[in-house]
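Q: Residue numbers (my numbering), protein chains in the order written: chain A, 1 to 304; chain B, 305 to 690; chain C, 691 to 1014. Ideal Cβ positions, reconstructed from N, Cα and C, are used throughout, including at glycine.
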Amino acid sequence: MDFLQNYGFLIVTMIQQGLLGLSLYFPLMAGQLSLASPGFYALGGYIAAIMGTNAAFAPLRESLGSWIFPLEWLVAGVASAALGLIVGVPALRLRGIYLALATIAFVEILRVVALNLSVTGGAVGLFGVPQPFGFVDRWQYVWIFGPLLVLVLLFTARLERSRVGRAFRSLREDELAADAMGVPPTRYKVMAFVIGAVLAGIVGAMSAPFLNTWNARQGTFDASIAYLAYVLIGGSRNMWGPVLGGALLAALPEVLRPLQDWRLIINGLVLVVASLYLPQGLVGLFRRRRAAPLARPATQEVAK
Amino acid sequence: MKRALLVSLSLGLMSAAVAQKVEAPITIGVAVAQTSNVALLGQEQVIGARLAEKFFNATGGINGTPFKLVFQDTGGDEAGTINAFQNLINKDRVVGIVGPTLSQQAFSADPIADRAKVPVLGPSNTAKGIPQIGDFIARVSAPVAVVAPNAVKQALKLDPKIKKVAVLYAQNDAFSVSETGTFQETAKAQGLSVSTVQKFQTTDTDFTTQVTAVLGADVDLVIISGLAADGGNLVKQLRQLGYKGLIIGGNGLNTSNLFPVCGRDCDGILIAQAYSPALAGSVNQLFVKEYRNQYKKDPPQFAAQAYTGVQVMVEALRKIDKKKKLDTWNLADLRVELNKQILAGKYKTPLGDVSFDREGEVNQKDFYVAQIKMKDAKNGTFVFLK
Amino acid sequence: MELTQFIQNVLNGVSIGSVYAIFALGYTLIFSILGIINFAHGAVFTLGAYFTYTLAVGQFGINGLLKNVDLFPNGSPLGSSVPGFVLALLIGSVLAGLVGVVIERLAFRPLRSRGADPLLALVSSLGVALVLVNLIQYLVGAEIYSFPADVYGNLKPALVLHVGEKLVVIRTVQIIIFVVSMIMLIILGYLISRTKIGKALRAVAENPGTSSLLGISVDRYVLYTFFLSGFLGGLAGTLVATSFGIAGPYFGVTYGLKGLAVIVLGGLGSIPGAVVGGIVIGLAEAFVPAEYSAYKEAVAFALLFVILLVRPQGLLGRALVQKV
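(1) Could you pull out every unbroken alpha helix (DSSP H) segment of at least 4 residues lying fully inside the stretch 421 to 474 of chain B, listed in chain order?
(2) List the residues of chain B whose Cβ lies closer than 7 Å to the Cβ of T213/A, in chain order.
(3) Taking Cβ-Cβ distances shorter than 9 Å, what residues in chain C pair up with L545/B?
(4) What residues in the stretch 560 to 587 of chain B have a beta carbon less than 8 Å from any beta carbon of chain C?
(5) According to the neighbour-count rule (16 or more other Cβ atoms, all chains shown, within 10 Å of its Cβ), is G1007/C buried or exposed?
(6) Only counting runs of 3 or more residues, tell me where the beta strand (DSSP E) segments fall wholly within the stretch 487 to 511 of chain B, in order along the chain.
(7) Assign Q260/A to buried or exposed, taking buried as 16 or more other Cβ atoms, counted over all protein chains shown, within 10 Å of its Cβ.
(8) Hey, is the stretch 488 to 498 of chain B in contact with the stretch 542 to 562 of chain B, meaning 3+ C-beta pairs nearer than 8 Å?
(9) With DSSP run on the structure shown, which of helix, strand or coil describes L317/B?
(10) Do you know whose CA, among Q864/C, I887/C, M874/C, lies nearest L845/C's CA?
(11) Hey, how far is the Cα of P447/B from the Cα of P27/A?
(12) Pull the bridge partners of A674/B from the DSSP assignment, please.
(13) State the DSSP-derived secondary structure class of V129/A, mapped to helix, strand or coil.
(14) Could you name the residues of the same chain whose beta carbon sits closer than 6 Å to that of S142/A, not counting the 5 residues immediately before and after it, in chain order?
(15) Cβ of F991/C within 7 Å of Cβ of E108/A?
(16) Between the alpha carbons of L271/A and L816/C, how many angstroms are there, rounded?
(17) Is L20/A closer than 7 Å to V203/A when the C-beta atoms are compared?
(18) Please report the residue range of the alpha helix (DSSP H) in which R861/C lies.
(19) Under 9 Å Cβ-Cβ, which residues of chain A neighbour R419/B?
(20) Locate the beta strand (DSSP E) running through G656/B, then write down its first and last residues.
(21) Output, in chain order, the set of chain C residues within a Cβ distance shorter than 9 Å of L344/B.
(22) Assign L550/B to one of three DSSP states: helix, strand, or coil.
(23) Would you mind telling me which residues of chain B sit closer than 8 Å to N238/A, beta carbon to beta carbon, in chain order?
(24) Is D657/B closer than 7 Å to K644/B when the C-beta atoms are compared?
(25) Could you pull out every residue in the same chain whose Cβ sits closer than 8 Å to the Cβ of K304/A, ignoring the five residues on either side in sequence?
(26) So which of E489/B, A474/B, K461/B, L635/B has the shortest CA-CA distance to V450/B?
(27) Would you mind telling me which residues of chain B sit closer than 7 Å to L264/A, beta carbon to beta carbon, in chain order?
(28) Could you check whether the Cβ of L317/B sits closer than 7 Å to any Cβ belonging to chain A?
(29) Could you list the residues in the stretch 773 to 803 of chain C with a C-beta less than 7 Å from some C-beta on chain A, going in chain order?
(30) Nearest-angstrom Cα distance between A608/B and G352/B?
(31) Would you check if the stretch 930 to 938 of chain C and the stretch 978 to 993 of chain C touch, i.e. whether three or more CB-CB distances between them fall below 8 Å?
(32) What does a CB cutoff of less than 8 Å around T53/A pick up in its chain, not counting 5 residues either side in sequence?
(33) Pairing CB atoms from the stretch 523 to 534 of chain B with CB atoms from the stretch 458 to 476 of chain B, are three or more of them under 8 Å?
(34) Y651/B lies in the alpha helix (DSSP H); which residues open and close that run?
(35) Which residue spans inside the stretch 181 to 250 of chain A form an unbroken alpha helix (DSSP H) run of at least 4?
(36) Determine the chain C residues that contact T378/B at a beta-carbon separation under 7 Å, and present them in chain order.
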């Protein structure tokens, strides 16, 4: 169908970016501003690209056929979890903007390393990544990303209602009080961080065949800020926020294509306007204002 | 925002055509990086392509019917390139695409065009493996391996006493990484000793560490593989900090964009060129004249390559039209035929005589080594060396 | 490592580091007074360079809306002498400061007056940077512009020093950048600690609520901060451009990421910290041995990661007190 040919890639990209926004949402549920997702996304993509193109894996590819793809996702998830633990445990002792900066540093270090190893193809990257399940058209990837999105949303909904979810929320509201009440902060913060890492890694592994190629430019600081924008503009308090933010902000430059020279200027203006006038994000527009929990004052107490 | 999306979606649905006939005017797609930090290269390609459009339409178009170029910006990343390609293929219904700018973008989007059976001509993709992506992928940009050795030989002609060489390259640029390999091999094959190999990024501006390392190694020849901004700064800093020997610049420095960066310090650089404005031959001289008239300087390599890309497509289309009028073809068949014809043809282009092998790799006859001669701080020329 | 090599590395480090330092000064000023990171600083830095270029040279290229425009066919009066260039530099920096003010009014104030999440300011400033960079490209294209080689008069391009029998070298324009960043540091330090304006800025930094109760117009002082930050950014951008040329609209934006590492290392909010952080990172990069030069880019971020774990307030920041 023509529509799918024309817009299939864009629609799948929207789902993919929504998922990456969600990968930021998990640490945020526990009050952690982590911008590490692009690092795990890049890692997952490299794993899939290497397993798909490197000669060392040829016998494995032959024997498994199409089953190598779910294997790639699994390996990417496990590797991201491992790296997430290694990086998360020391880094999550930091709060607020300091954690964000540490994760930015992590992403950049990973990028430079990837640029220089030969197994990652160096500056050129890896190409000729084989397509899963005989996919030919980009829109067919909706059969991979779509179910993943559904699964993750279901998982998130259940998580929010569970004990773990309540622990996250208590950490988000007031870490010290939660700790005093018996919620071990480090354990849950690392858990949230690792969940986000695993999601980003799996999305990366699915994206390498989607983009046909993978290189060090897939996991950069610019991506960190883009995902942050998805969450902030979509809405950071609700799981639909990052999905909506990701989908719309990914579609925006394409929708603006007819504007040609003005495309990115308008894109930038939309970002500014959205952050100015959507304090609760887009999701906030659609939901009736709940009574906001007692917020800590932004500034110090006036009276001493 | 949502409304815009709905509108575009419904428009897309409405445009679902069945067997599409080729409509006049014939459209050729150009997908290069018009925005992002690669725009410096992309904007030169746009200029080259537009000059070709003007010139070839003025000389009869496609046997009397004009053709049109449709531009879709790829931006600097892979996803943007795929989107640009898909817009050109499905919405704009082009018969072929000239682009994209970067090899990494080509690795991402070319397979898509190949699967859609749309011919793609890469104007500036030089990484190994690009023509092998598929039957519909070809390129007019020579993989640099061919031209580098000549530059080293020329340097030895100018100064036979060269013994020690320093090699520097931009490690985040696919182009430079493969070129430096060839330079280093050639240097060793010529009996020179490579005293130091320094890396940098195309986004770097300060090369103090690399330069002082080169000065410390006391070399007679410096070989640089990079692009205009970084290469130019590297040369300037080399000269300012006291390096007096010969400098060879790779293909990425083959542009007058170098001049504002190193000014008078550009003087004397040997450049390995895949394109020279000085090449005799009516096609190139016409192109150079047109470019000089409009832009008051010599055309850069990227513009010449983009021009060549469009020229190849137009000449192939002319041949097809002679056999069977273009408006009697349906789009899918025409794209396949265009690809066949592109690969079969021989062309006289600003790059010299050009043809393609079966995989789509370019056979370019003429490569040049030139030496930069600066008239003043802003203007210079690339002088042919025999 | 022998002495010459060591001294050369130190000179290289100072040379590289002073560029980072001068970029970071304006960057950290906003954080020190307002507690937000202004991602548009890189764009203002770039604009400053373009403004000064327009005044001192005024010749545009073959792309963009202003293609082939030549404002001064006989050479700009401001570009042909050192005092002229200094004047162009100052005017260009003032213009950049004014752009900073406009950015504050349009993209930051609405968020501030609502007490919104500071992260939204990050996204907003990102949007502003995107707009500015693409606007520059729309107007003058993406090509390289550079200042004439003699903007500082007939200075020798490099200073050559004898250490024993060998030579060490440093480019004079880098010395100028270092000296200017030191001067700016001293001026800024004096401004903040000795003048009334500085006192007001410090009050606003400490507690905007109380300050406004005490009669300090917070809005006005925030404007001054953005003007000053923009002025510093534009000044820095022009100076760096005289050293390396203006490599296109993104030329300043690429410093933004490393600038983060610089200001955190030096201490978020500490103005001397910005300079110290810049020099330290410059030195660290200069001392990376040649075999590992591929990883030079990562040095700044490795340092950043380590300092965050070991001493998050940075080298010169005040120790963070955990508020309950």
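A: Reading from the atomic positions:
(1) Taking only runs of at least 4 residues, the alpha helix (DSSP H) segments lying wholly in the stretch 421 to 474 of chain B are 452 to 462.
(2) Mapped onto the first sequence, residue 213/A falls at position 213. Within chain B, the residues whose beta carbon sits less than 7 Å from that of T213/A are E382, Q408, F411, S412, listed in sequence order.
(3) On the second sequence, position 241 is the one that residue 545/B refers to. Within chain C, the C-beta atoms nearer than 9 Å to that of L545/B come from P847, A848, V850, V859, I860, R861, in chain order.
(4) Going along the stretch 560 to 587 of chain B in chain order, one finds N561, P564, V565, G567, R568 with a Cβ nearer than 8 Å to chain C.
(5) Counted from its first residue, the third sequence places residue 1007/C at position 317. Classification of G1007/C: buried, given that the 10 Å Cβ count is 16 or more.
(6) With a minimum length of 3 residues, the continuous beta strand (DSSP E) runs that stay inside the stretch 487 to 511 of chain B are 497 to 504.
(7) Counting from 1 along the first sequence, the entry for residue 260/A is found at position 260. Counting the other Cβ atoms within 10 Å of the Cβ of Q260/A gives fewer than 16, which makes it exposed.
(8) Verdict: no, contact absent.
(9) The sequence position of residue 317/B within the second sequence is 13, counting from 1. Low confidence applies here, because L317/B scores a pLDDT of 47, under 50, leaving its location unreliable; read the following figure in that light. Reduced to three states, the DSSP call for L317/B is helix.
(10) As a first step, residue 845/C is located in the third sequence; it is residue number 155 there, counting from the start. With distances taken between Cα atoms, L845/C lies closest to Q864/C.
(11) On the second sequence, residue 447/B is found 143 positions in, with the first residue counted as 1. On the first sequence, residue 27/A is found 27 positions in, with the first residue counted as 1. Straight-line Cα distance between these residues: approximately 46 Å.
(12) In the second sequence, residue 674/B corresponds to position 370, counting from 1. By DSSP's assignment, A674/B forms a beta bridge with I575/B, F688/B.
(13) Stepping through the first sequence from its first residue, residue 129/A is reached at position 129. In the three-state scheme derived from DSSP, where H, G and I count as helix and E and B as strand, V129/A is classed as coil.
(14) Taking the first sequence and counting its residues from 1, one reaches residue 142/A at position 142. The sequence shown places Val at residue 142/A, rather than the Ser named in the question. Answer for V142/A: V12, listed in chain order.
(15) The sequence position of residue 991/C within the third sequence is 301, counting from 1. The sequence position of residue 108/A within the first sequence is 108, counting from 1. Inclusion of F991/C and E108/A in the CB contact set at 7 Å is warranted, their separation being smaller than that value.
(16) Taking the first residue of the first sequence as position 1, residue 271/A is located at position 271. Taking the first residue of the third sequence as position 1, residue 816/C is located at position 126. Looking at the two C-alpha atoms, the distance is approximately 8 Å.
(17) For the purposes of this step, residue 203/A is identified with residue 203 of the first sequence, where counting begins at 1. For the purposes of this step, residue 20/A is identified with residue 20 of the first sequence, where counting begins at 1. Closer than 7 Å, so yes.
(18) As a first step, residue 861/C must be located in the third sequence, where it is residue number 171. Note, R861/C: premise wrong, no alpha helix (DSSP H); beta strand (DSSP E) at 856 to 861.
(19) On the second sequence, position 115 is the one that residue 419/B refers to. Against chain A, the beta carbon of R419/B has neighbours under 9 Å at V136, D137, listed in chain order.
(20) The residue you call residue 656/B lines up with position 352 of the second sequence. Residues 656 to 660.
(21) Here the question's residue 344/B lines up with position 40 in the second sequence. The contact set of L344/B on chain C, defined by CB atoms closer than 9 Å, consists of G831, A832, E833, I834, A937, G938 in chain order.
(22) For the purposes of this step, residue 550/B is taken as the residue at position 246 of the second sequence. It is a strand residue.
(23) Indexing the first sequence from 1 puts residue 238/A at position 238. Chain order gives no chain B residues near N238/A, where near means a beta carbon separation below 8 Å; the closest approach is about 18 Å.
(24) Within the second sequence, numbered from 1, the residue matching residue 644/B stands at position 340. Within the second sequence, numbered from 1, the residue matching residue 657/B stands at position 353. No, the pair does not count as a contact, with Cβ atoms beyond the cut-off.
(25) The residue you call residue 304/A lines up with position 304 of the first sequence. For K304/A, the predicted model reports a pLDDT of 43, less than 50, meaning its position is unreliable; a value from the coordinates is still stated below. Cβ-Cβ distances below 8 Å link K304/A to nothing in the same chain once the five nearest sequence neighbours on each side are left out.
(26) Position 146 of the second sequence, counted from the first residue, corresponds to residue 450/B. Answer by Cα proximity: E489/B.
(27) Residue numbering aside, residue 264/A sits at position 264 when the first sequence is read from its first letter. Going along chain B in sequence order, the residues near L264/A (Cβ under 7 Å) are T339.
(28) Along the second sequence, one-based indexing puts residue 317/B at 13. Residue placement at L317/B is flagged as unreliable, the pLDDT there being 47, under the threshold of 50; a coordinate-derived value is accordingly withheld.
(29) Those residues of the stretch 773 to 803 of chain C placed with their C-beta closer than 7 Å to a C-beta in chain A are A797, P800, L801, ordered along the chain.
(30) Here residue 608/B is taken as the residue at index 304 of the second sequence, counted from 1. Here residue 352/B is taken as the residue at index 48 of the second sequence, counted from 1. If I take the Cα positions, the gap works out to 6 Å.
(31) Contact between the stretch 978 to 993 of chain C and the stretch 930 to 938 of chain C is absent, because fewer than three Cβ pairs lie under 8 Å.
(32) Stepping through the first sequence from its first residue, residue 53/A is reached at position 53. Take T53/A, set aside five residues on each side of it, and the residues of its chain with a beta-carbon closer than 8 Å to its own are L126, F127, G128, V129, P130, in chain order.
(33) Per the Cβ contact rule, the stretch 523 to 534 of chain B is in contact with the stretch 458 to 476 of chain B (3 or more Cβ pairs under 8 Å).
(34) By 1-based counting over the second sequence, the position of residue 651/B is 347. Here Y651/B belongs to no alpha helix (DSSP H); instead the beta strand (DSSP E) covers 650 to 653.
(35) Counting whole runs of 4 or more residues, the stretch 181 to 250 of chain A contains the alpha helix (DSSP H) stretches 185 to 211, 221 to 234.
(36) By one-based count along the second sequence, residue 378/B stands at place 74. Chain C residues near T378/B: none, gap ~14 Å exceeds 7 Å.
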